[in-house]
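Student: So the sequence lines, in the order shown, correspond to chains X and S.
Everything in the first sequence is counted per this note's numbering, starting at 1 for the first residue and increasing by one.
Everything in the second sequence is counted per this note's numbering, starting at 1001 for the first residue and increasing by one.
There are 2 protein chains.
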Amino acid sequence: MSELRKDPITRRWVIIATERAARPNQLHAPSPVTPEDLPEKDPKCPFCEGNEKMTPPEVMAYRHAGTGRDSAGWWVRVIPNKYSAVDPSTPLERMGEGMYDMATGFGVHEVIVESTKHNLRWGNATEREFEEIFWAYRDRLIHLTRNPALRYVLIFKNYGREAGASQPHGHSQLIALPVVPKRVLEEQESSADYWRMKERCPMCDIIRQESSDEKRIIYETESHIALAPYASYLPFQMLILPKMHRPFFERVEKSEVMDLARLFRRVFWSLSEVLGDPPFNCVLHTTPPASAGDERYNHWHFEVVPRLTKVAGFEWGSGFYINVATPEDAARALREQIGECCT
Amino acid sequence: MSELRKDPITRRWVIIATERAARPNQLHAPSPVTPEDLPEKDPKCPFCEGNEKMTPPEVMAYRHAGTGRDSAGWWVRVIPNKYSAVDPSTPLERMGEGMYDMATGFGVHEVIVESTKHNLRWGNATEREFEEIFWAYRDRLIHLTRNPALRYVLIFKNYGREAGASQPHGHSQLIALPVVPKRVLEEQESSADYWRMKERCPMCDIIRQESSDEKRIIYETESHIALAPYASYLPFQMLILPKMHRPFFERVEKSEVMDLARLFRRVFWSLSEVLGDPPFNCVLHTTPPASAGDERYNHWHFEVVPRLTKVAGFEWGSGFYINVATPEDAARALREQIGECCT
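Here it is in structure tokens:
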């Protein structure tokens, strides 16, 4: 039987409806995002080593000693997005236009090239590769949050065309704007409400309840946990977060980075095995450093949403999400696959 | 130059970035949703006349005198969705599950078959055909809002596979649940805030400002207006609403239905001509009858969003919408096309 569930953070009601799963091929990626025969290097790829001149000049890179900017010899490289819709050199101005609010197109849009390997994918990345990606996330957060005009730094990964990626070479992105994205704002507001009511962080409460329940736990390491959220709005949605209350991703310690990489490796390997290398979106929500008091109820987390269903339009029209897989089933499938893993 | 704009109702900041439009084929449907040679009747289509036994029994139909239920002789027919995730016969129960909220899968999910014509599309529908569709919307609203357990009746149309439609035969849908969809709730809350600040309906203010500006007006009839919203989050987004303050769609008068049909015919013909019969989602937001005071600031409206860009994933990951067409350009293109119309 189907049921309605409400997410305590987004306050979205979702229909969890397993009956609809009967509709053909909704729960497996139609084809793998990354073909088996994708080469490790593509001479035409702007993100491959040796092609540094095909991109705008790098803003940061992890490089071997003695190599120069915008040349070979790096293992993670951060560059401005060539098609950026915002520009860090535009002066920020906020204006009214009658009853409306607007601002100039000031902001930062960067690409984090995750490795020199053209065919790196999170489904088969090593712990070491994940660690380097997390360090790059952290370093960009620290660098960009120094600018008080940037109100939020959003780091995300779109994997596969259906998820919005236009380049096959493994990369993440980062957008920093003088305004806070609506979904982040909503999350912060509802977490603040929760705090006012209970003086507890809602994510900490979720971890407590899920840990006693166990059925929606995908994987746990010493300091991190991956869950299928109670009111998942899409099949195989995942929440990855530290078990202790941690507001700021950029304050992560080295041992925690290693621990998180251990979890990511297993969870994304499992996701790829169970669903056939599906397209997905992954977003990091963290707390801006300037927040006053928000660190009590903001708990950094990654939100991962595979893009499995071909028909993605229903919820646009309806405003309601119908999830054709229960989070309990999704968590079990992923958990069991991890059992087969990779040590 | 790009700019950031904030929608006063949804409070979403959007990047309006015309530079990105340089990317190939983002502003024309890759192929028409409805092929020219689609027949007027398809013997295998469950929504075609004569195939009434292929659907669940009808809950309402406009029929010629002397014709019987679930047989030929209708011109609009409403049936339960065969793949409904909710069930009106399920007893409604609200429950807690630890810190979470849930409810049983009680609700109504119906399909409104808009005509017997298999190949009817809004791009070439007549005024008369639109009128009958609006009467069906109205009648279902009146019928379903009698049940106080249904907190919101959402009527919407998904046109084309990319927009979530699984049948080519022209149809709308309706979902009524014991909970309010998140997007509607947000709209109501921000409209209530606006009222508290100004004691004016925000939609009425938008109409006033747009009417003096004119550059985002797509088309006007005596009592309705079609606009490109100031902070459109997708190209060619449209807002269609009554010029006078009207909270309840179901209280529409016959002359207003005719007037609205005049507007819909021209606007959707123009949309189809300009963009090549694109997929779209259309949603009706109206005020629940039981609302106390909400009728002061809720103003019914249709929200129309064509699904043009192939890459729809960016905003999922980023939380930010980048609109590659200015609403001013979209409104001008649609307005000029209507000039060529159809009288």
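Positions of the beta carbon are idealized from the N, C-alpha and C atoms, including for glycine.
Classify M1197(S): buried if its beta carbon has 16 or more other beta carbons within 10 angstroms, exposed otherwise.
Tutor: Under this definition M1197(S) is an exposed residue.
Student: Just to confirm, is the Cβ distance from N1281(S) to G317(X) under 7 Å?
Tutor: For N1281(S) and G317(X), yes; Cβs fall inside 7 Å.
Student: Return the chain-ordered list of same chain residues with a C-beta closer than 6 Å to the C-beta of T957(S), the five sequence neighbours on each side being excluded.
Tutor: Past the boundaries of the shown model lies residue 957(S); chain S is included only from 1001 to 1343, so the question cannot be answered.
Student: Cβ closer than 7 Å: which chain S residues qualify as neighbours of Q209(X)?
Tutor: Per Cβ cutoff of 7 Å: G1098 and M1099.
Student: Going straight from the alpha carbon of P1030(S) to that of D1277(S), what length do you get?
Tutor: Whole-angstrom Cα-Cα distance: 9 Å.
Student: Can at least three beta-carbon pairs, one atom from the segment 143 to 161 of chain X and one from the segment 175 to 189 of chain X, be found at a separation below 8 Å?
Tutor: The answer is yes - the segment 175 to 189 of chain X touches the segment 143 to 161 of chain X, with three or more Cβ pairs under 8 Å.
Student: Can you pull the DSSP bridge partners for H285(X)?
Tutor: Answer is H301(X).
Student: Mark D259(X) as exposed unless 16 or more other C-beta atoms lie within 10 angstroms of its C-beta, in which case mark it buried.
Tutor: Buried, by the Cβ-count rule.
Student: Helix, strand or coil for P1024(S) per DSSP?
Tutor: Unreliable placement is indicated for P1024(S), whose pLDDT of 41 sits below 50; the coordinate value is still reported in the next sentence. It is coil, neither helix nor strand.
Student: How about Y1137(S): is its C-beta nearer than 7 Å to some C-beta of chain X?
Tutor: It does not; no Cβ of chain X falls within 7 Å.
Student: Residues of chain X with CB under 7 Å from R1012(S), in chain order?
Tutor: Those within 7 Å of R1012(S) in chain X are K182.
Student: From the DSSP secondary-structure annotation, give me the bridge partner or partners of R104(X).
Tutor: Note that residue 104(X) is Thr in the sequence shown here, rather than Arg. Note: T104(X) sits in a beta bridge opposite E1003(S).
Student: From what residue to what residue does the beta strand (DSSP E) around H1224(S) run?
Tutor: Start and end: H1224 to L1227.
Student: Using a Cβ-Cβ distance cut-off of 7 Å, determine whether A149(X) contacts chain S.
Tutor: False, the Cβ-Cβ gap to chain S never drops below 7 Å.
Student: Which chain S residues are close to F249(X), counting only those with a beta carbon under 7 Å from its beta carbon?
Tutor: Those do not exist, as F249(X) stays about 16 Å from chain S at its closest Cβ, beyond 7 Å.
Student: Among residues of its own chain, excluding the 5 on either side of C45(X), which ones have a beta-carbon nearer than 6 Å to its beta-carbon?
Tutor: Hits under 6 Å: H118 and H169.
Student: Secondary structure at R948(S), three-state DSSP: helix, strand or coil?
Tutor: The requested residue 948(S) is not part of the displayed model; chain S covers only 1001 to 1343.
Student: Taking only beta-carbon atoms, is K1006(S) less than 7 Å away from chain X?
Tutor: So yes, K1006(S) belongs to the interface.
Student: With Y137(X) as the anchor, note down where its alpha helix (DSSP H) starts and where it stops.
Tutor: Unbroken alpha helix (DSSP H) run through Y137(X): E127 to L144.
Student: I want to see whether chain S comes within less than 7 Å of N25(X), judged by CB atoms only; does it?
Tutor: Per-residue confidence for N25(X) stands at a pLDDT of 44, beneath the threshold of 50, marking its modelled position as unreliable; no derived number is given.
Student: Just the chain X side, please: which residues come within less than 9 Å of L1154(S) by C-beta, in chain order?
Tutor: Per Cβ cutoff of 9 Å: G317, S318, G319 and F320.
Student: Quick one: Cα of A136(X) to Cα of V1014(S), how far?
Tutor: The straight-line gap from Cα to Cα measures roughly 27 Å.
Student: Assuming T109(X) and V86(X) are in contact, meaning their beta carbons sit under 8 Å apart, how far apart are those beta carbons, in whole angstroms?
Tutor: Reading off the sequence shown, one finds His at residue 109(X), where the question assumed Thr. Indeed, because the Cβ distance is near 6 Å, the residues count as touching under 8 Å.
Student: Expressed to the nearest angstrom, what Euclidean distance is found between the alpha-carbon atoms of E253(X) and P1306(S)?
Tutor: About 46 Å.
Student: With which residues is L1154(S) paired in a DSSP beta bridge?
Tutor: BP columns for L1154(S) point to I1175(S).
Student: Mind checking which residues open and close the beta strand (DSSP E) that includes Y1321(S)?
Tutor: Its beta strand (DSSP E) spans residues Y1321 to N1323.
Student: Using the beta-carbon of each residue, which ones in chain S are nearer than 8 Å to V304(X)?
Tutor: Those do not exist, as V304(X) stays about 10 Å from chain S at its closest Cβ, beyond 8 Å.
Student: Check the DSSP bridge columns for M1095(S) and list the partner residues they point to.
Tutor: Looking at the DSSP assignment, M1095(S) forms a beta bridge with M1102(S).
Student: Roughly how many angstroms separate the alpha carbons of R12(X) and L239(X), rounded to a whole number?
Tutor: Each residue's Cα considered, the two are about 16 Å apart.
Student: Let me know the secondary structure DSSP gives M1197(S) once reduced to three states.
Tutor: Three-state DSSP puts M1197(S) in a helix.
Student: Buried or exposed for K157(X), please, with buried defined as at least 16 other CB atoms from any protein chain shown within 10 angstroms of its CB.
Tutor: The residue is buried, with at least 16 neighbouring Cβ atoms inside 10 Å.
Student: If I follow the unbroken alpha helix (DSSP H) through L334(X), where does it start and stop?
Tutor: Taken as a continuous stretch (DSSP letters only), the alpha helix (DSSP H) holding L334(X) covers P327 to G339.
Student: Can you check whether the C-beta of I15(X) is within less than 7 Å of a C-beta belonging to chain S?
Tutor: So yes, I15(X) belongs to the interface.
Student: If H1171(S) and I1112(S) are in contact, beta carbons under 8 Å, what's the gap, nearest whole angstrom?
Tutor: The pair is a contact, with the Cβ atoms about 6 Å apart (cut-off 8 Å).
Student: Starting from I354(X), follow the alpha helix (DSSP H) in both directions and report where the run begins and ends.
Tutor: For residue 354(X) there is no data in the structure shown, the boundaries of chain X being 1 and 343.
Student: 7 Å is my cut-off, CB to CB: does A29(X) come that close to chain S?
Tutor: Not one chain S Cβ lies under 7 Å of A29(X).
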